[in-house]
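Shown next, in structure tokens, is the structure this report addresses.
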Amino acid sequence: MRQVLARAIGGVAVLGLIAGATACNKPTTSGGGSTGGNSKCGYELAFFGALTGPSANLGINIEQGYELAIEQYNQKNGANCIAVKKFDTQGSEAVAPGVARNLVADKKVIGVLGPPFSGETAASGPIFEAASIPFVTPSATRVSLSANGWKTFHRAVGNDDSQGPAAAAYIKNVMKPSKAFVADDQSAYGAGLADIVKKTLGSTVVGTDKTEGEGRQTDFSGLVQKVVQSQATVFFYGGYYTNGGLIRKQLTSAGWKGTLVGGDGMKDPGLSKASGNAAAKGTVVTCPCSPPEAAGGTFVKDYKAKWNVDAGTYSDVAFDVANLFLQGIDQGNTAPDKMNTYLSTVTYKGIANTYKFTDKGELDPQYIKVWAFVFDATGNTKADQEIKKA
Amino acid sequence: MNFSGLIGNFGPLTITGLAQGAIIALFALGYTLVYGVLRLINFAHSEVFLLGTYACLILWGLFGLDQNSATPSGFVVLVYLLMGLVAAIIASGITALMVELVAYRPLRRRNAPPLAFLITAIGASLAISESVGVVTKRNVRGVPPLVVQKDLFVVGNMHVTNLQVLIIVLALASMFILDRFINQSRLGRGIRAVAQSPDSAALMGVNKGRVISLVFLLGGLMAGIAAVMYDLKIGVTRFDAGFLLGIEAFTAAVMGGIGNLRGALLGGLLLGVLQNYAAGLFGTEWLHAVAFVLLVLILLIRPTGLLGESLGRARA
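Right under this line is the structure:
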């Protein structure tokens, strides 16, 4: 009898859970219903990227820039005109494809801002391409992404082919070390960057190593040992900010006095959070972006007012890309295929840069900028200088 | 393969490996104790450790310490370290007891098959880790610089730092005390009795339920100590900190002979050192791969691990 009762209660509980879950899944916003006749309204622009996970900070920077642009647009065109749709990939190439399938099932989405990272872009690009939904990444820099023949792919920043040589040029011409050490995290992004730096620096590189991927290793004593032993004064690490911060901390603990250099994946306060501000100070990161604080218009002020934090890396590019889409909607490109044609022809001047895409979806080379940034004593990055093209 | 790198860095790789191994060894005790008594692999032990790493940080945070704080002066550091240890030990100990009470005891009462225990163990582990992930937004949490690493002595190119010595000494001391406790105290005798034969022990008047709780508690205490040392050594923690280290600790326990306390120590130190040698020889990316190939090789030669499988049996 007790068993029967237990089963009955269990069954009711399960039913309750299912009911609860379906209730949660019901769409809570009704798109642009409230604005009625406005033909610009009722569409969705999607953010697709990490909002949680070990590298979420970058995704959040981008999402906030995107949301700010849509909010400003909606102030002009009516509340809820364009709906904000967030798709959290956790920055994981394993999670992203499933999320992408959910996204393309939403027929109101006419453009995607994202994905932020190269791995998840490679994994979810085919799904967007098959659904003919245009997507613009504000930050995925792996070179091969544009070689897939995707018609819907666009990249609003320079790729690693521009960032790698620039990082190497900065090391060579500004830091001028006699010995450098290069390592990467074996990710497509990190290894790609490190390989270009290795090639460009040539015989200055006295040692190399590889680590586990972002968030998969905490003890770097083997690597630290090699760096210290190599007597290098500059250490380029191709990877992301959590590993970068841990490595910097452990290098400092081991008494290494040299400078850590990395790509845009390490340009994040998460690095100084992991390492402590004192250890992070002086770390150089390159970025195919210009300093957000140098963005034109009232962007910096507006961003701070809305989010109560300073605009981060790629926040400004994300803001531009969102506005690029919104201008497309303004011009009547309210279907994914029309939007895609618009993207392939438009020259758009935003607050951070001017955007024009090549037939492969790359940013036109004349608009690519690479800057060097340095971590200051408060754990934030300050613009150092624009790196001259070699 | 970089033999000159391994030979040139042999000293430094050994000492950093020993420090890492000491943490793994303390962590491994929890697996070994529980397995020795219950023949159960307590996968949730990695989260027992995880909550320890957070407990001391939260306590230090109450005193306004974070990764950007200045290092306090000598005596104050000692007080902070002791308080951190106590907080971590309490948090880990309570977590271990709770896991036993919530996830395992009800199953044992109903004579559930071993597979059910395995799945609840994995479930408890994931549930705790993911909850911590959600609460902390999956961000890392930095550790205040309580111990500034300084060279204590130098042999060749091997710089032995104060932190490394602290970790190794603390680990060995805890292991020694635990070993004495199991082998000489009355409660320890109870543990060994249950490990040998639960039914006979029960007939002799040993309270099995209490012994099992005690075993989980002891494993939790050791994990708490390991957690503080991990914080000091690595400098950050986050929701999945226990996962990889947990697998390493479990490996160390099996390598030394699961169920065997001294085996866990040997396995832990050996694994730490071997991983570092592998990193030196093949590159850091081979660290885990090589360690686990070695594990297979060791088990091929000694299927019960280096020191054999026993909590009660061999040295009863």
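Each protein sequence line maps, in turn, to chains P and W. My numbering puts the last residue of the first sequence at 390; the count rises by one with no breaks. My numbering puts the last residue of the second sequence at 1316; the count rises by one with no breaks. For glycine and all other residues, C-beta sits at the position ideal for the given N, C-alpha and C. Computed from a predicted model, the values in this text were never measured in an experiment.
Leu324 of chain P places its beta carbon less than 7 Å from that of Tyr348 of chain P. Excluding five sequence positions before and after Ala1173 of chain W, none of the CB atoms of its chain fall closer than 6 Å to its own CB. Under a criterion of Cβ atoms nearer than 8 Å, the residues of chain W adjacent to Glu212 of chain P are, in order, Thr1284, Glu1285, Leu1287, His1288. The beta carbon of Leu260 of chain P sits no closer than 7 Å to any beta carbon of chain W. Within 10 angstroms of the beta-carbon of Leu1300 of chain W lie fewer than 16 other beta-carbons, which makes it exposed. Your pair Thr259 of chain P and Thr233 of chain P checks out as a contact, with CB atoms roughly 7 Å apart and the cut at 8 Å. With a contact defined as Cβ atoms closer than 8 Å, Tyr43 of chain P and Lys108 of chain P qualify at about 6 Å.
At least one C-beta of chain P is nearer than 7 Å to the C-beta of Gln1020 of chain W. A Cβ-Cβ distance of about 11 Å is found for the pair Ser1125 of chain W and Phe1250 of chain W, leaving them out of contact under the 8 Å criterion. DSSP, reduced to helix, strand and coil, places Ile1168 of chain W within a helical segment of the structure shown.
Within chain P, the C-beta atoms nearer than 9 Å to that of Leu1013 of chain W come from Ser221, Gly222, Gln225, in chain order.
Cβ neighbours of Ser92 of chain P within its own chain (closer than 7 Å, five residues either side excluded): Gly53, Glu120. A straight line joining the alpha-carbon of Pro97 of chain P with that of Asp160 of chain P spans about 23 Å. Within the region 1130-1218 of chain W, the alpha helix (DSSP H) runs of at least 4 residues that lie entirely inside it are, in chain order, 1162-1184, 1186-1196, 1198-1203. The criterion of a C-beta distance shorter than 7 Å is not satisfied by Asp184 of chain P and Lys226 of chain P. Per the coordinates, the alpha-carbon of Leu1270 of chain W lies some 37 Å from the alpha-carbon of Lys267 of chain P. Excluding its 5 nearest sequence neighbours in each direction, Phe236 of chain P has C-beta neighbours in its own chain below 6 Å: Val182, Val197, Val261, listed in chain order.
In this structure, the CA atom of Lys273 of chain P is about 52 Å from the CA atom of Ala1202 of chain W.
Within the same chain, and ignoring the five residues on either side of Ala295 of chain P in sequence, the residues whose Cβ sits closer than 6 Å to its Cβ are Asp316, Ile351, Ala352. With 16 or more other Cβ atoms inside 10 Å of its own Cβ, Pro116 of chain P counts as buried. Of all alpha-carbon atoms in P:Ala254, P:Gly270, P:Pro165, the one lying nearest the alpha-carbon of Thr286 of chain P is that of P:Pro165.
In summary, the residues of the region 275-307 of chain P whose CB is separated from some CB of chain W by less than 8 Å are Ser275, Gly276, Asn277, Ala278, in the order they occur in the chain. Interface criterion met: the Cβ of Gln186 of chain P is under 7 Å from a Cβ in chain W. In chain order, Asn353, Thr354, Tyr355, Lys356 place their CB closer than 8 Å to the CB of Tyr367 of chain P, counting only its own chain and leaving out the 5 sequence neighbours on each side.
Non-local C-beta neighbours of Val300 of chain P in its own chain, meaning closer than 8 Å and more than five positions away in sequence, comprise Pro292, Glu293, Asp310, Ala311, ordered along the chain. The C-beta of Ala1279 of chain W comes closer than 7 Å to at least one C-beta of chain P. With fewer than 16 other Cβ atoms inside 10 Å of its own Cβ, Thr378 of chain P counts as exposed.
Residue pairing by DSSP puts Tyr355 of chain P in a beta bridge opposite P:Tyr348. Around the CB of Leu1040 of chain W, 16 or more other CB atoms lie within 10 Å, so the residue is classed as buried. Note on Asn57 of chain P: 16 or more other CB atoms within 10 angstroms of its CB, so buried under the neighbour-count rule. Per DSSP, the unbroken beta strand (DSSP E) holding Trp371 of chain P starts and ends at 371-375. Shown here for Thr1120 of chain W: same chain residues with a beta carbon closer than 6 Å to its own, the five before and five after excluded, namely Ala1103 in chain order. As a beta-bridge residue in DSSP terms, Gly111 of chain P pairs with P:Leu45. Residue environment: Ile1015 of chain W is assigned as buried (16 or more neighbouring CB atoms within 10 Å of its CB, all protein chains considered). The continuous beta strand (DSSP E) containing Lys382 of chain P extends over residues 381-386. Annotation for Ser187 of chain P: Gly213 place their beta carbon closer than 6 Å to its own, counting only its chain and skipping 5 residues before and after.
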